[in-house]
Amino acid sequence: MAHSLSRRTLLQVTALAAAGAGVAVGGEAAAAEAAGSVRPFGLGEVALEPGLFAEKRALMLDHARGYDENRLLQVFRANAGLDTGGAVAPGGWEGLDGEANGNLRGHYTGHFLTMLAQAYASTGEEVFAAKVRTMVGALGEVREALRKDPSVLSVDGVLGGRAVENERGSYQYVELPAGVLGGASAVTLSAWVKPGHADAWARVFDFGNDTSRYLYLSARNARGVPRFAITTGGAGGEQGLDGTAALPLDQWSHLAVTIADGTGTLYVNGSAVARNPAMSLTPAALGALAHHWLGRSLYADDPVFAGAFGGFDVWSRALREEEIAGLQSGRARGDLVSYAFDETSGPDLADGSGRGLDGVLRRTWGGPSHPGFLAAYPETQFILLESMTGSDYTKVWAPYYTAHKILRGLLDARTATGDERALDLASGMGDWMYARLSVLSAATRQRMWGIFSSGEFGGIVEAICDLHELTGKAEHLALARLFDLDSLIDACAADTDTLDGLHANQHIPIFTGLVRLYDATGEERYLAAAKNFWGMVVPHRMYGIGGTSTTEFWKARDMIAGTISATTAESCCAYNMLKLSRSLFFHEQDPAYMDYYERALYNQVLGSKQDRADAEKPLVTYFIGLTPGHVRDYTPKQGTTCCEGTGMESATKYQDSVYCAADDGGALYVNLYSPSTLTWAEKGVTVSQRTGYPREQGSTLTVGDSARPAAFALRLRVPAWAKEGFRVTVNGRTVPGTPVPGSYFEVSRTWRPGDTVRVSVPFRLRVEKALDDPSVQTLFYGPVNLVGRSPATEYLELGLYRNAGLSGDLLPSLSPVAGAPLHFTLDGTEFAPFHEGTEDPTHAYFRRAEPTVAFGGADSGVANPVGADGRSLLDEVWAGAPFRDKKALVARVRSVVDAWVAGGLLAGADGERIVATAREASYAR
């Protein structure tokens, strides 16, 4: 049955609707329920209390408060030709100088909006809502500007006049009419410019037909100095003039070029800096030209001039040197054209020469943009994608991925603050995408979505489904289905694993979108594909910390040790796997989803955030290398990356899956043990959870603020690793029943204020073995992955059986570090929780080495034999744990020894020494 899950429910600031009562048997393991049977609580309904998550969140909230949102808006405003207020673009992936020419810019703004929305929903701090309103208002202005012809941005000019500024990233230039050069055989071209960036080959002017016949002046050539050139034979035939020094940035400079009688001269600030006595070409030699541009090059890959124009004049003669010098202190009008740039609005630029050759401000990509379009770059990336057959992110880098981030941020902004402007912007984006994609053939879309990187679209399907739920527009639901990548969906629906070689994070969020499409359409293949896909990743492509991918890609199924590198576990992958696990849990309460959620959240996600605050950077990892001695990089690549974006989001929604409610209000799921307070408005109760988990092995839940008794079943997750000792008491009395690891333990009753539930979850030290190499292992204490801190770059070799307890717990082999919870030492190496965001060199995996058979600290001296399946004698013995007493352990040792002797794997005498050692040893429980 299709079940519609509202994004308004997921992030609702007010109470969610959950009413009714349930009847269940206390103390039994709760089976997975029917599809669509639980709902999450909003961030505002679950308050984080002091503890590990609150500590990590506080660091990110400092960043959210301190970072100037106008820096993020800079790239949007520049693209629209608006005043950026002097804001400096963030750089990295959000800047024109970043990776792939900044082709992903705008994505980070969406992440930041979501972070702010979540921060406001969680804390109610007005500072976050104010930033959201600023950003939404600015994005509205950007969209409006993109729908119009460009308008001059007037600034203070030179010699007391005005000037027109061209913001870097605006793609704007001035188009002049034919006749500017007048077919002159002698000419002076004069310009006042204030360069704003050190771009090579950005043109002051470029007049020509194509790249074979032209004349131009660049503020900087490849050597960083001004260059004038004229040619009728392309670049190889240029007759040129090169300056001797770079023009200073953000200062006015005067440039002039004269050509007459076969000599060309370049002047900078009134002084001749270059002379070419062999410049035989003149404007007359060029003939009629098609293009006359200020600020734009005829070479398509050259940048648009960034800076200000304070005047441009052309004379039909070569001015004398003293006349050029005189232009430094007073204006003179060219007789061919003269532009003072005194305009303060509109696209038109008046010619003061008397010839009526007015210029007009244009955008290189044409325009205005189509209705609803909103981005920090032109529509060109979307257009180019439609004809691409292979990936080239220097030209097209995942435009629909960036659109998703912006759309998601707007939806979250509207949900958290109620700002209808955000919904209007989001709806407009949906309308624009539908208008663009609905006219493409199915074959074109399939090709687009299958292209690596360029065709990546992130979680846009999920966001569009949420948009549809808010707008009710049929076009929006139809739009969501236009992103179907049928080859992937059909393979996963058939449970055919085709993930080898795919880019991990390009594909994970697709499946969260498919779950939402199932909600909206009831089409079973969507849900089947998502469930089967999840099972292809967990555990078959999952590292111990919950992460997946190596160098961003998946390898063959069950390849774990063989894929460990310095670029494993891209942080975005963990973020998106958590979203998928959560979405699937809403449909089927399989505890495995929440076991995974705990694993990835308490380890990779927490550990990806450095344990210090910074207003400038979120300090989040991109990759988490799992190679021996790896040091985490919390300022990855050039900054403002996708993983820093999802890291900001993760750190402001830690509480989103702690609790869920059954649709009928009859049950409350406690999925995670985390200090928090739930306000369950529909039941009229609060449930507070007080715990130091995972520093504490259990949690205490208290029912409070109930105006009346409330009947519901409390379903407490029994982690799959909690093999023994899980215990529940209510008001001090043990709840009968048998907790089953990897299930929910149910306590059903009518709850009254003050009722207290104590959950004991004893931790054990255990190992998890790499699927492709059992000797490569990772260490866990309860939910906590423990990493060795060592600068060694080879695997540490560790033995753990020597002091194992009768329960099978390996903890007695480690020594606790006084005053440092969850810190231990083994063979001189300190082991600490993965979630600690330090810059220590760490070992997440080690090489297991049990060279001799030892029990209770006593070594038999007998080599530990290994069978054909890779399991050792000690592995076989301890597979029988827990043991009720020493006698039971010794009996197990005798049984295993006899079998191995009979199989020819162990000498009889050695077997007797092993049994004797086991009998004489002392054991911890």
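Each step along the sequence shown adds one to the number in this note's numbering, with nothing skipped, and position 550 is 879.
Built from N, CA and C at the ideal position, the CB exists for glycine as well.
Shortest alpha-carbon distance to M444 belongs to which of Q657, P728, T746 and G1071? Ranking the options by Cα distance to M444, first place goes to T746.
Beta-bridge partners of Q568, as assigned by DSSP: DSSP links Q568 through a beta bridge to I559.
For T744 and A446, what's the separation of their Cα atoms in angstroms? When only Cα atoms are considered, T744 and A446 end up about 8 Å apart.
Through-space distance from I839 to L518, alpha-carbon basis: Their Cα atoms are separated by approximately 56 Å.
Measure the alpha-carbon distance for A1192 versus H1172 and round it to whole angstroms. A1192 and H1172 have their C-alpha atoms some 27 Å from each other.
Using a 10 Å radius around the Cβ and a threshold of 16 neighbouring Cβ atoms, would you call Q835 buried or exposed? Buried, because 16 or more other Cβ atoms sit within 10 Å of the Cβ of Q835.
Name the DSSP bridge partner or partners of Q501? R692.
Quick check on T540: buried or exposed, where buried means 16 or more other Cβ atoms within 10 Å of its Cβ? The residue in question, T540, is exposed, as its Cβ has fewer than 16 Cβ neighbours within 10 Å.
In DSSP terms, what T1063 is bridged to: Beta-bridge pairing links T1063 to T1058.
Alpha-carbon to alpha-carbon, S1072 and A353: No answer about A353 holds up, because its pLDDT of 29 lies below 50 and its placement is not dependable.
Decide yes or no for the touch test of the region 1207-1224 against the region 1119-1139: beta carbon pairs closer than 8 Å, at least 3 of them. Counting C-beta pairs with one atom in each stretch, the region 1207-1224 and the region 1119-1139 have three or more that are closer than 8 Å, which means they touch.
In whole angstroms, what is the alpha-carbon distance linking G490 and S674? So the alpha carbons of these two residues sit roughly 15 Å apart.
How far does the beta strand (DSSP E) with L637 in it extend, from its first residue to its last? Looking at the sequence shown, residue 637 is not Leu but Ala. That run of the beta strand (DSSP E) goes G636 to W644.
What are the start and end residues of each continuous alpha helix (DSSP H) run of 4 or more residues lying completely inside the region 955-1004, in chain order? You should have 971-979.
Pull up the DSSP beta-bridge partners for T517, would you. Partner(s): T587 and W644.
State the CB to CB distance for the pair A1039 and G1021, rounded to an integer number of angstroms; the pair is presumed to be in contact (CB under 8 Å). Your pair A1039 and G1021 does not check out as a contact, with CB atoms roughly 27 Å apart and the cut at 8 Å.
Straight-line Cα distance separating A474 from Y623: Sequence check: residue 623 is Leu here, not Tyr. Whole-angstrom Cα-Cα distance: 22 Å.
Helix, strand or coil at Y449 according to DSSP, with G and I counted as helix: Correct three-state label for Y449: helix.
For the candidate residues G738, Y729, Q568 and G1199, whose alpha-carbon lies nearest to that of G779? Checking every option, the nearest Cα to that of G779 belongs to Y729.
Output the distance between the C-alpha atoms of S720 and A903, rounded to the nearest integer angstrom. If you draw a straight line from the Cα of S720 to the Cα of A903, it is about 25 Å long.
Apply the 10 Å Cβ neighbour rule to P612 and answer buried if 16 or more other Cβ atoms are within range, or exposed otherwise. By the neighbour-count criterion, in which a residue is buried when 16 or more other Cβ atoms sit within 10 angstroms of its Cβ, P612 is buried.
Alpha carbon to alpha carbon, how far is D993 from A1042? Give it in angstroms, no decimals. Cα to Cα, the separation comes out at about 11 Å.
How is the beta strand (DSSP E) around L623 delimited, first residue to last? DSSP places L623 in the uninterrupted beta strand (DSSP E) bounded by H620 to L623.
Which residue marks the beginning of the beta strand (DSSP E) containing Y668, and which one marks its end? Start and end: V666 to Y668.
CA-to-CA distance, E1179 to L1234, given in whole angstroms: Rounded to the nearest angstrom, the two C-alpha atoms are 16 Å apart.
Relative to the C-alpha of D829, which residue among R870, I789 and W863 is closest? Here the closest residue by C-alpha is R870.
Bridge partners for W1080 per DSSP, in chain order? Here W1080 is bridged, per DSSP, to A1039.
Would the beta-carbon of M777 fall within 8 Å of that of L714? Yes, the Cβ-Cβ distance between M777 and L714 is below 8 Å.
Per DSSP, what are the beta-bridge partners of V375 in this structure? Answer by DSSP bridge pairing, in chain order: L1007.
Return the chain-ordered ranges of every alpha helix (DSSP H) run that is complete within the region 1201-1254 and spans a minimum of 4 residues. DSSP assignment within the region 1201-1254 yields the following whole alpha helix (DSSP H) runs of 4 residues or more, N-terminal first: 1202-1207, 1215-1231 and 1237-1249.
Do R1087 and T1029 come within 8 Å of each other at the CB atom, strictly closer than that value? In this structure, T1029 sits near R1087, with a CB-CB distance shorter than 8 Å.
Please confirm if the region 676-686 is in contact with the region 451-460, defined as three or more CB-CB distances below 8 Å between the two stretches. Touching, no, given that fewer than three Cβ pairs across the two stretches are closer than 8 Å.
May I ask you to report which of helix, strand or coil DSSP gives T1154? Note: T1154 maps to strand in three-state DSSP.
Alpha-carbon to alpha-carbon, E785 and L425: Roughly 20 Å separates the two Cα atoms.
Rounded C-beta distance between P555 and A548? I'm assuming under 8 Å. Taking the Cβ atoms as the reference, P555 lies roughly 6 Å from A548, within the contact range of under 8 Å.
Taking buried to mean at least 16 other C-beta atoms within 10 Å of its own C-beta, is R941 buried or exposed? Per the 10 Å Cβ criterion, exposed.
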